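Each residue of the sequence shown is one higher than the one before, counting from 101 in my numbering. Built from N, CA and C at the ideal position, the CB exists for glycine as well. Note that the structure is a prediction, hence the values are computed from the model and not measured. Here's the structure we're looking at; comments come further down.
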Amino acid sequence: VGPVVAGALIAGLGTGYVFLLNAVLSLAAGFVIMRWRLEPKASVLPGERFFGAMRVGFQYVAQSRQMRAVLLRIAIFFLQSTALLALLPLVARRMHDGGAWVYTLLLASLGFGAITTAFLLPRLRVLITRDRLLRDGTLLQALAMVAAGFAPNLWAATPAMIVAGATWLAVVNTLTVASQLALPDWVRARGMSLYMMTMMAATSASAALWGQVASIIDVPWAFFAAAVTGITLWLL
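The structure is reproduced here in C-alpha coordinates:
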(Lines of atoms letter the chains of each structure in order from A; the text may use other names.)
(Lines give C-alpha, C1' and ligand atoms only; values in the text may rest on other atoms or scores of the structure.)
Protein backbone atom coordinates (compact mmCIF):
# COMPACT_ATOMS: atom_id res chain seq x y z
CA VAL A 101 0.00 0.00 0.00
CA GLY A 102 2.82 2.39 0.89
CA PRO A 103 4.44 2.47 -2.57
CA VAL A 104 1.09 2.97 -4.28
CA VAL A 105 0.22 5.94 -2.03
CA ALA A 106 3.70 7.38 -2.55
CA GLY A 107 3.41 7.04 -6.32
CA ALA A 108 0.06 8.82 -6.32
CA LEU A 109 1.46 11.67 -4.21
CA ILE A 110 4.52 12.07 -6.43
CA ALA A 111 2.41 12.09 -9.58
CA GLY A 112 -0.24 14.43 -8.17
CA LEU A 113 1.52 16.77 -5.73
CA GLY A 114 5.26 16.21 -5.83
CA THR A 115 8.01 14.33 -4.03
CA GLY A 116 8.08 16.58 -0.97
CA TYR A 117 4.62 15.49 0.10
CA VAL A 118 5.79 11.86 0.35
CA PHE A 119 8.38 12.86 2.94
CA LEU A 120 5.77 14.96 4.74
CA LEU A 121 3.39 12.01 4.92
CA ASN A 122 6.21 9.78 6.13
CA ALA A 123 7.00 12.25 8.93
CA VAL A 124 3.35 12.41 9.99
CA LEU A 125 3.06 8.62 10.04
CA SER A 126 6.27 8.37 12.06
CA LEU A 127 4.86 10.76 14.66
CA ALA A 128 1.62 8.78 14.75
CA ALA A 129 3.55 5.54 15.27
CA GLY A 130 5.54 7.16 18.06
CA PHE A 131 2.32 8.32 19.72
CA VAL A 132 0.88 4.80 19.59
CA ILE A 133 4.06 3.32 21.08
CA MET A 134 4.03 5.90 23.89
CA ARG A 135 0.47 4.86 24.80
CA TRP A 136 1.31 1.15 24.68
CA ARG A 137 1.12 -0.22 28.22
CA LEU A 138 2.70 -3.56 28.99
CA GLU A 139 1.99 -5.51 32.13
CA PRO A 140 5.10 -5.57 34.34
CA LYS A 141 6.67 -8.99 34.44
CA ALA A 142 8.74 -9.86 37.48
CA SER A 143 12.07 -11.48 36.66
CA VAL A 144 13.55 -14.23 38.81
CA LEU A 145 17.02 -13.47 37.43
CA PRO A 146 19.40 -11.10 39.19
CA GLY A 147 19.86 -7.61 37.75
CA GLU A 148 22.70 -6.87 35.31
CA ARG A 149 24.71 -3.78 34.61
CA PHE A 150 24.29 -2.27 31.14
CA PHE A 151 27.72 -2.95 29.64
CA GLY A 152 28.03 -6.27 31.44
CA ALA A 153 24.72 -7.37 29.97
CA MET A 154 25.90 -6.37 26.50
CA ARG A 155 29.12 -8.32 26.94
CA VAL A 156 27.23 -11.42 28.06
CA GLY A 157 24.94 -11.12 25.04
CA PHE A 158 27.89 -10.93 22.65
CA GLN A 159 29.55 -13.89 24.38
CA TYR A 160 26.45 -16.05 24.18
CA VAL A 161 25.93 -15.40 20.47
CA ALA A 162 29.63 -15.94 19.74
CA GLN A 163 29.55 -19.31 21.51
CA SER A 164 26.26 -20.48 19.99
CA ARG A 165 26.83 -22.50 16.83
CA GLN A 166 23.19 -22.13 15.81
CA MET A 167 23.24 -18.33 16.13
CA ARG A 168 26.53 -18.03 14.26
CA ALA A 169 25.04 -20.03 11.40
CA VAL A 170 21.88 -17.88 11.33
CA LEU A 171 23.88 -14.62 11.38
CA LEU A 172 26.10 -15.84 8.56
CA ARG A 173 23.11 -16.83 6.44
CA ILE A 174 21.20 -13.60 7.00
CA ALA A 175 24.32 -11.59 6.16
CA ILE A 176 24.84 -13.51 2.92
CA PHE A 177 21.19 -13.24 1.92
CA PHE A 178 21.00 -9.49 2.47
CA LEU A 179 24.33 -8.96 0.75
CA GLN A 180 22.72 -10.62 -2.28
CA SER A 181 19.11 -9.44 -2.13
CA THR A 182 19.56 -5.77 -1.16
CA ALA A 183 21.03 -5.16 -4.60
CA LEU A 184 17.49 -5.33 -5.97
CA LEU A 185 16.09 -2.62 -3.70
CA ALA A 186 19.18 -0.43 -3.90
CA LEU A 187 19.19 -0.36 -7.71
CA LEU A 188 15.44 -0.63 -8.35
CA PRO A 189 15.02 3.10 -9.17
CA LEU A 190 17.57 2.65 -11.96
CA VAL A 191 15.66 -0.38 -13.25
CA ALA A 192 12.47 1.69 -13.36
CA ARG A 193 14.17 4.59 -15.11
CA ARG A 194 15.45 2.35 -17.91
CA MET A 195 11.94 1.20 -18.83
CA HIS A 196 9.49 2.93 -21.15
CA ASP A 197 7.98 5.97 -19.44
CA GLY A 198 10.14 5.11 -16.46
CA GLY A 199 9.22 7.34 -13.56
CA ALA A 200 7.49 7.37 -10.21
CA TRP A 201 4.61 5.14 -11.30
CA VAL A 202 6.86 2.47 -12.81
CA TYR A 203 8.97 2.39 -9.67
CA THR A 204 5.81 2.32 -7.55
CA LEU A 205 4.38 -0.66 -9.40
CA LEU A 206 7.66 -2.56 -9.20
CA LEU A 207 7.89 -2.00 -5.46
CA ALA A 208 4.20 -2.80 -4.96
CA SER A 209 4.73 -6.09 -6.84
CA LEU A 210 7.51 -6.94 -4.41
CA GLY A 211 5.15 -6.28 -1.49
CA PHE A 212 2.35 -8.28 -3.09
CA GLY A 213 4.60 -11.31 -3.38
CA ALA A 214 5.62 -10.98 0.26
CA ILE A 215 2.04 -10.63 1.52
CA THR A 216 0.87 -13.62 -0.50
CA THR A 217 3.68 -15.77 0.84
CA ALA A 218 2.88 -14.78 4.42
CA PHE A 219 -0.40 -16.70 4.08
CA LEU A 220 1.24 -19.67 2.35
CA LEU A 221 4.30 -19.99 4.59
CA PRO A 222 2.72 -22.26 7.24
CA ARG A 223 1.74 -24.69 4.50
CA LEU A 224 5.19 -24.52 2.91
CA ARG A 225 6.83 -25.39 6.23
CA VAL A 226 4.78 -28.58 6.34
CA LEU A 227 5.68 -29.59 2.79
CA ILE A 228 9.41 -28.87 2.76
CA THR A 229 12.22 -28.73 5.30
CA ARG A 230 13.66 -25.49 6.65
CA ASP A 231 17.02 -26.02 4.93
CA ARG A 232 15.38 -26.64 1.58
CA LEU A 233 13.15 -23.59 2.02
CA LEU A 234 16.21 -21.44 2.69
CA ARG A 235 18.20 -22.93 -0.19
CA ASP A 236 15.42 -22.79 -2.77
CA GLY A 237 14.31 -19.33 -1.59
CA THR A 238 17.82 -17.93 -1.96
CA LEU A 239 18.18 -19.43 -5.43
CA LEU A 240 14.75 -18.22 -6.60
CA GLN A 241 15.41 -14.71 -5.25
CA ALA A 242 18.67 -14.60 -7.20
CA LEU A 243 16.99 -15.73 -10.42
CA ALA A 244 14.07 -13.32 -9.96
CA MET A 245 16.45 -10.42 -9.32
CA VAL A 246 18.38 -11.14 -12.51
CA ALA A 247 15.13 -11.51 -14.47
CA ALA A 248 13.89 -8.13 -13.19
CA GLY A 249 17.19 -6.50 -14.13
CA PHE A 250 17.13 -7.78 -17.70
CA ALA A 251 13.35 -7.34 -18.18
CA PRO A 252 12.61 -5.12 -21.20
CA ASN A 253 9.45 -3.59 -19.75
CA LEU A 254 7.23 -3.34 -16.69
CA TRP A 255 5.03 -6.29 -17.64
CA ALA A 256 8.02 -8.61 -17.87
CA ALA A 257 9.53 -7.30 -14.63
CA THR A 258 6.35 -7.52 -12.52
CA PRO A 259 6.22 -11.35 -12.21
CA ALA A 260 9.92 -11.40 -11.33
CA MET A 261 9.34 -8.80 -8.61
CA ILE A 262 6.46 -10.84 -7.17
CA VAL A 263 8.69 -13.91 -6.96
CA ALA A 264 11.49 -11.84 -5.44
CA GLY A 265 9.13 -10.52 -2.75
CA ALA A 266 7.78 -13.99 -2.02
CA THR A 267 11.20 -15.56 -1.62
CA TRP A 268 12.50 -12.58 0.36
CA LEU A 269 9.82 -12.97 3.01
CA ALA A 270 10.14 -16.76 3.10
CA VAL A 271 13.89 -16.69 3.70
CA VAL A 272 13.97 -13.80 6.17
CA ASN A 273 10.98 -15.08 8.16
CA THR A 274 12.49 -18.56 8.37
CA LEU A 275 15.83 -17.22 9.58
CA THR A 276 14.13 -14.91 12.09
CA VAL A 277 12.18 -17.79 13.58
CA ALA A 278 15.33 -19.92 13.68
CA SER A 279 17.20 -17.21 15.57
CA GLN A 280 14.41 -16.80 18.13
CA LEU A 281 14.25 -20.54 18.73
CA ALA A 282 18.01 -20.68 19.17
CA LEU A 283 17.96 -18.07 21.96
CA PRO A 284 16.78 -18.69 25.54
CA ASP A 285 14.44 -16.17 27.12
CA TRP A 286 17.04 -14.43 29.27
CA VAL A 287 19.21 -13.40 26.29
CA ARG A 288 16.69 -13.35 23.43
CA ALA A 289 16.39 -9.56 23.15
CA ARG A 290 20.15 -9.12 23.04
CA GLY A 291 20.55 -11.92 20.52
CA MET A 292 17.84 -10.50 18.28
CA SER A 293 19.46 -7.07 18.43
CA LEU A 294 22.65 -8.65 17.06
CA TYR A 295 20.55 -10.34 14.39
CA MET A 296 19.11 -6.95 13.37
CA MET A 297 22.56 -5.33 13.45
CA THR A 298 23.89 -8.03 11.14
CA MET A 299 20.96 -7.53 8.77
CA MET A 300 21.43 -3.74 8.67
CA ALA A 301 25.21 -4.02 8.23
CA ALA A 302 24.77 -6.42 5.30
CA THR A 303 22.13 -4.10 3.79
CA SER A 304 24.46 -1.10 3.96
CA ALA A 305 27.42 -3.03 2.59
CA SER A 306 25.32 -4.48 -0.23
CA ALA A 307 23.94 -1.11 -1.35
CA ALA A 308 27.41 0.43 -1.39
CA LEU A 309 29.04 -2.54 -3.11
CA TRP A 310 26.52 -3.20 -5.86
CA GLY A 311 26.00 0.50 -6.49
CA GLN A 312 29.69 0.76 -7.32
CA VAL A 313 29.57 -2.41 -9.41
CA ALA A 314 26.55 -1.09 -11.35
CA SER A 315 28.45 2.09 -12.21
CA ILE A 316 31.11 -0.09 -13.84
CA ILE A 317 29.26 -2.96 -15.50
CA ASP A 318 25.64 -1.63 -15.64
CA VAL A 319 22.62 -2.52 -13.50
CA PRO A 320 21.51 -5.90 -14.98
CA TRP A 321 25.01 -7.30 -14.74
CA ALA A 322 25.35 -5.97 -11.21
CA PHE A 323 22.28 -8.06 -10.36
CA PHE A 324 23.92 -11.04 -12.01
CA ALA A 325 27.12 -10.49 -10.01
CA ALA A 326 25.12 -10.17 -6.76
CA ALA A 327 23.22 -13.37 -7.53
CA VAL A 328 26.38 -15.35 -8.31
CA THR A 329 28.12 -13.99 -5.21
CA GLY A 330 25.22 -14.81 -2.93
CA ILE A 331 24.71 -18.35 -4.25
CA THR A 332 28.43 -19.08 -4.13
CA LEU A 333 28.79 -17.88 -0.53
CA TRP A 334 25.65 -19.82 0.47
CA LEU A 335 27.03 -23.05 -1.00
CA LEU A 336 30.35 -22.57 0.75
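Residue i and residue j closer than 7 Å at C-beta
i: S209; j: M261; result: yes
i: T274; j: L233; result: yes
i: V161; j: G311; result: no
i: T217; j: A282; result: no
i: Y295; j: S306; result: no
i: T64; j: I174; result: Outside the displayed range of the chain (101 to 336) lies residue 64, so it cannot be described from this structure.
i: G265; j: A192; result: no
i: Y117; j: L125; result: no
i: V246; j: A327; result: yes
Proximal residues to residue i (C-beta, below 7 Å), its chain only, five neighbours per side dropped
i: I176; result: G330, L333 and W334
i: L221; result: A270 and N273
i: N122; result: none
Contact test: residue i Cβ vs the ligand SAH heavy atom, cutoff 6 Å
i: V132; result: No copy of the ligand SAH occurs in the structure displayed, which carries no ligand at all.
Nearest candidate by alpha-carbon position, reference residue i, set the options
i: G198; options: G107, Y117, F178 and A214; result: G107
i: R135; options: L113, L127 and V287; result: L127
i: M167; options: W201, V132, D236 and T276; result: T276
i: R288; options: F178, F324, L309 and Q159; result: Q159
i: F178; options: A301, A142 and W201; result: A301
i: L336; options: V101, G249 and R235; result: R235
For residue j and residue i, the rounded distance between their alpha carbons
i: V156; j: T267; result: 34 Å
i: I228; j: A111; result: 43 Å
i: F63; j: L138; result: Coverage of the chain is limited to positions 101 through 336, which leaves residue 63 absent and any answer about it impossible.
i: P252; j: M195; result: 7 Å
i: V101; j: G249; result: 23 Å
Nonlocal neighbours in the same chain, by C-beta distance under 6 Å from residue i, ignoring five residues either side
i: P103; result: T204, L207 and A208
i: A325; result: V313
Neighbourhood of residue i by C-beta, 8 Å cutoff - its chain only, sequence neighbours within 5 removed
i: M154; result: R290
At a cut of 8 Å, does the region 318-326 reach the region 179-197 through at least three beta carbon pairs?
yes
At least three beta-carbon pairs within less than 8 Å, the region 245-264 to the region 200-219
yes
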